[in-house]
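Protein chains in written order, with our numbering: chain C, 2 to 219; chain F, 7 to 254; chain W, 405 to 629.
Idealized CB from N, CA, C, for every residue including glycine.
Keep in mind that this is a model prediction, so the values were computed, not measured.
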Amino acid sequence: MDQLAFVINTLLPALWGGFVVTLGLIALTAPFGVLIGAAVAVGRVYGSRPVQFLARAYVTFFKGTPLLLLLFILYFGLPSIGISLSPFVASVLGFIFCNSAYDSEYIRGSIRSIKEGQFTAGLALGMARGQVIRHVILPQALRRSIPGLVNEFVYLIKYSSLAYMVTVVELTGAGKMIATRYFTYNETFLVVGLVYLSLVTVTTIGAHLLERRVAIPV
Amino acid sequence: MTTDDTILRVEGLAKSFGTTEVLKEISFTVRKGETKVFIGPSGTGKSTLLRCINQLIIPDAGHVYLHGEEVTHAGARINHFRSKIGMVFQNFNLFDHMTAVRNVEIALMKVKGMKEDEAREKALFELRRVGMEDRADHYPAQLSGGQAQRVSIARALAMDPDVMLFDEPTSALDPELTGEVLEVIRGLARAGMTMLIVTHEMRFALSIADELLFMEHGTILERGAPGDLATSPTFERTRQFAGRFADL
Amino acid sequence: MDLAAILISWFPFLVTGIIATLGLVLAALGIGFVIGLPAAIGQVYGSRPVAFLINIYIWFFRGLPLLVLLFLFYFGIFPLLGLGWVSPFLVGALVLGLHGGAYQAEIFRGALLSIGEGQMTAARSLGMSRSQAIRHVILPQALLIALPGWSNEYPTVLTDTSVCYAIGVAELLTRASVIVSTEYIAMPIYLACAGIYLVLNYVGIKGLHILEKRVSVPGFETGSD
């Protein structure tokens, strides 16, 4: 079958480079997304009024603005005020903003689900607020956020494809280029789709293992 | 005026929540090794009183002095004072994500700056003191109520506090489990710990208190040694309350 | 460079983009509802083979990035079916509908599963057939329960419409980009565009809240965060 041969000999090798770029985009975004998301969540729950306001504004803006528009702003818009980012950096930055905004919502919910007595007990022992947040609240909140954070990670896997729209040749971009060249849109995008599906499936399995590893008797 | 063995002095504490006056002009002094027990109907401000002492609740008026130093309006030094005032909560409030020994050692490391092995040694010592050494690696969810409360006592003791505050330590426990906790508290009294206890356990209160304080509607209605209460003028109201429980 | 004047002169142009965007949102929510609700019912009450097929549909349309789906349908499937003449807008609307339907199916499925078995039992004991019970007893409750989760789809769908830029649909982001490349002003236009999305978001969410309040039943758990 021509198509199978095409897939194996031409398509897959050509997609490999793009696949690696996709992995890079995801790997660079995810940790910062969680870190900044946690910081924003803590700011929203424990911060002073101005800090809370800023945190809420951050979340509202980056959740309500389409990611593609955000990428355009970072890649096409910033140069007009003197900041020139490479497509890859602009994409990662945009992804981090978006990812952290959603992550902060999950983490905020988890923080609020922790019984108040935990915070009180920490204070009663003489811990400063920051210490209580760092040693008592956050470890528990992050554990409880894992399902939500994994959910967001899956979204990240998928919207990493938008980097192509600012000229990053990641998986989808590589696919489009091959498809256009050989007029094999259906085969190409089905294979590309399958790769994303595999990434998502691997993630879900990995998440279950992670949850079990950090589980604490409750 | 501070006598040498006055540990805690409370002067004119008052607190209102909205229009409700929960504490009205509460004053008393606690000497070293004394055990004061607060009894009275629920919701009369006893918990609020304890929390005003370590400023978990900020009182509207009044002063608290620990060893002559003012705790109220202490600003950033409040953490220092809190580390010298041990508190045990009705709902234990153990840190759910930490093992028993970690619960006890965390404040030693983060507040007192102890090194890990030093803290671990002290933590295990305190756990042994309350009889929980063999459960050191258990998580709170794996402990019974009485065990959890004992760990929380160890956690407070580990800080070597000048005074221990007990906020209804057995109210959340099944009846069979209260005994082990009360026994630990008795042991502390025998060892000379200065303590303020809020409790509903009348028999326990009578047996351990150096002074009983009966609170109602935010004021100390009457106070005295357990034996003296029998001959006091306002004895009727107190007896009404106490009589609902065991013997007097 | 009078920004205000530029924005005003381009405003009608932008409005056509806004209308297209809203059209896509309606398509996504509407088609998504028409597909998602029966899909959920099929998953929960359908036979094994039916449920299996539906699960494949959901797995596919939730697992693929929206961009890939748009490329696949616009460049691949539609031409393959001899439908290469269909406008990007219609293709985009359909893809958003199929995509949204998969997500909505999960929402409705959760709602259906959360309804206690006792409801079905009571209905059957009154003599209702299975489909009557589903139609008159289960579904109304499921829709009420699903409403908050379903409302949460709106912001997502709204931002998703911008991806249709990739296949040339003349929606808001596309229009904004045209202005940017014509006028050579980037940031203000993009930020104004973001502002419009935020406003559309806000108005939509408020509207849905009002809807939620209107249809709520006393004592029924429909509280959203």
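Taking Cβ positions only, does residue i come closer than 7 Å to chain W?
i          : result
Lys-116(C) : no
Ile-108(C) : no
Leu-150(C) : no
Phe-63(C)  : no
Thr-168(C) : no
Thr-204(C) : no
Gly-95(C)  : no
Thr-66(C)  : yes
Val-201(C) : yes
Within 10 Å of its beta-carbon, does residue i have 16 or more other beta-carbons around it, so buried, or fewer, so exposed?
i          : result
Phe-96(C)  : buried
Asn-10(C)  : exposed
Asp-629(W) : Unreliable placement is indicated for Asp-629(W), whose pLDDT of 32 sits below 50; the coordinate value is still reported in the next sentence. So Asp-629(W) counts as exposed.
Ile-82(C)  : exposed
Val-21(C)  : exposed
Leu-14(F)  : buried
Thr-23(C)  : buried
Pro-65(F)  : buried
Thr-30(C)  : buried
Glu-122(F) : exposed
Does chain F have any CB closer than 7 Å to the CB of residue i?
i          : result
Gly-127(C) : yes
Tyr-32(C)  : Reading off the sequence shown, one finds Pro at residue 32(C), where the question assumed Tyr. So, not an interface residue.
Val-43(C)  : no
Ile-9(C)   : no
Ile-138(C) : no
Gln-141(C) : yes
Val-219(C) : yes
Do residue i and residue j have their CB atoms nearer than 7 Å?
i          : j          : result
Val-110(F) : Arg-161(F) : yes
Phe-475(W) : Phe-120(C) : no
Phe-44(F)  : Leu-219(F) : yes
Glu-557(W) : Ile-410(W) : no
Gly-65(C)  : Asn-605(W) : yes
Gly-224(F) : Leu-183(F) : no
Ile-108(C) : Ala-142(C) : yes
Thr-202(C) : Val-155(C) : no
Gly-68(F)  : Glu-17(F)  : yes
Glu-174(F) : Val-204(F) : yes
Gly-92(F)  : Met-170(F) : yes
Ala-129(C) : Asn-85(F)  : yes
Ser-177(F) : Gln-96(F)  : yes
Phe-477(W) : Val-499(W) : yes
Gly-74(F)  : Gly-198(F) : no
Val-438(W) : Val-561(W) : no
Ala-125(F) : Leu-114(F) : yes
Quick one: list the residues of chain C neighbouring residue i, beta-carbon separation under 9 Å, in chain order.
i          : result
Val-117(F) : Leu-126, Gly-127, Met-128, Ala-129, Gln-132
Met-524(W) : Result: empty, since nearest Cβ-Cβ is about 29 Å, beyond 9 Å.
Met-165(F) : Leu-126, Gly-127
Could you work out which residues of chain C lie near residue i, taking near to mean beta carbons separated by less than 7 Å?
i          : result
Arg-156(F) : The premise fails here: Arg-156(F) is roughly 15 Å from chain C at the closest Cβ pair, so nothing lies under 7 Å.
Ile-481(W) : Asn-187
Pro-469(W) : Lys-159, Tyr-160, Ser-162, Thr-173, Tyr-197
Ala-113(F) : Leu-126, Gly-127, Met-128
Does any CB atom of chain C fall closer than 7 Å to the CB of residue i?
i          : result
Tyr-558(W) : no
Gln-96(F)  : no
Leu-577(W) : yes
Asn-605(W) : yes
Tyr-145(F) : yes
Asp-253(F) : Since pLDDT at Asp-253(F) reaches only 47, below the 50 mark, its modelled position is unreliable, and the value read off the structure follows with that caveat. No - not a single Cβ of chain C is within 7 Å of the one on Asp-253(F).
Ala-178(F) : no
Gln-153(F) : no
Gly-81(F)  : no
Ser-150(F) : no
In chain F, what lies closer than 8 Å to residue i by C-beta?
i          : result
Thr-121(C) : Leu-62, Phe-95, Asn-99
Arg-144(C) : His-103
In chain W, which residues lie less than 7 Å from residue i when you measure between Cβ atoms?
i          : result
Ala-208(C) : Result: empty, since nearest Cβ-Cβ is about 15 Å, beyond 7 Å.
Leu-69(C)  : Ser-566, Val-567, Tyr-569, Leu-577
Against residue i, what residues of chain C qualify as contacts under a CB-to-CB distance less than 8 Å, listed in chain order?
i         : result
His-86(F) : Gly-127
Is it the case that the CB of residue i approaches a heavy atom of the ligand COA more closely than 6 Å?
i         : result
Gly-51(F) : Looking for the ligand COA in the displayed structure turns up nothing, as the structure carries no ligands at all.
Output, in chain order, the set of chain W residues within a Cβ distance shorter than 9 Å of residue i.
i         : result
Ile-84(C) : Those do not exist, as Ile-84(C) stays about 10 Å from chain W at its closest Cβ, beyond 9 Å.
Residue ranges of each beta strand (DSSP E) within the segment 568 to 619 of chain W, 3 or longer: Whole beta strand (DSSP E) segments, 3+ residues: zero.
Segments assigned beta strand (DSSP E), at least 3 residues, entirely inside the segment 497 to 570 of chain W: Fully enclosed beta strand (DSSP E) runs of 3 or longer: not present.
Complete runs of the alpha helix (DSSP H) confined to the segment 113 to 166 of chain F [at least 4 residues]: Scanning the segment 113 to 166 of chain F from its first residue to its last, the whole alpha helix (DSSP H) runs of 4-plus residues come out as 122 to 135, 151 to 163.
Length at least 3, wholly inside the segment 189 to 245 of chain F: the beta strand (DSSP E) runs in chain order: Those beta strand (DSSP E) runs which fall completely within the segment 189 to 245 of chain F and span 3+ residues are 201 to 204, 217 to 222, 225 to 230.
4-residue-minimum alpha helix (DSSP H) runs that sit fully inside the segment 46 to 97 of chain F, ordered along the chain: Look at the segment 46 to 97 of chain F and you find these whole runs of alpha helix (DSSP H), each 4 residues long or longer: 52 to 59, 84 to 90.
Segments of 4+ residues assigned as alpha helix (DSSP H) that fall wholly inside the segment 126 to 195 of chain C: Restricting attention to alpha helix (DSSP H) runs no shorter than 4 residues, the segment 126 to 195 of chain C encloses them at 130 to 133, 139 to 160, 172 to 183, ordered along the chain.
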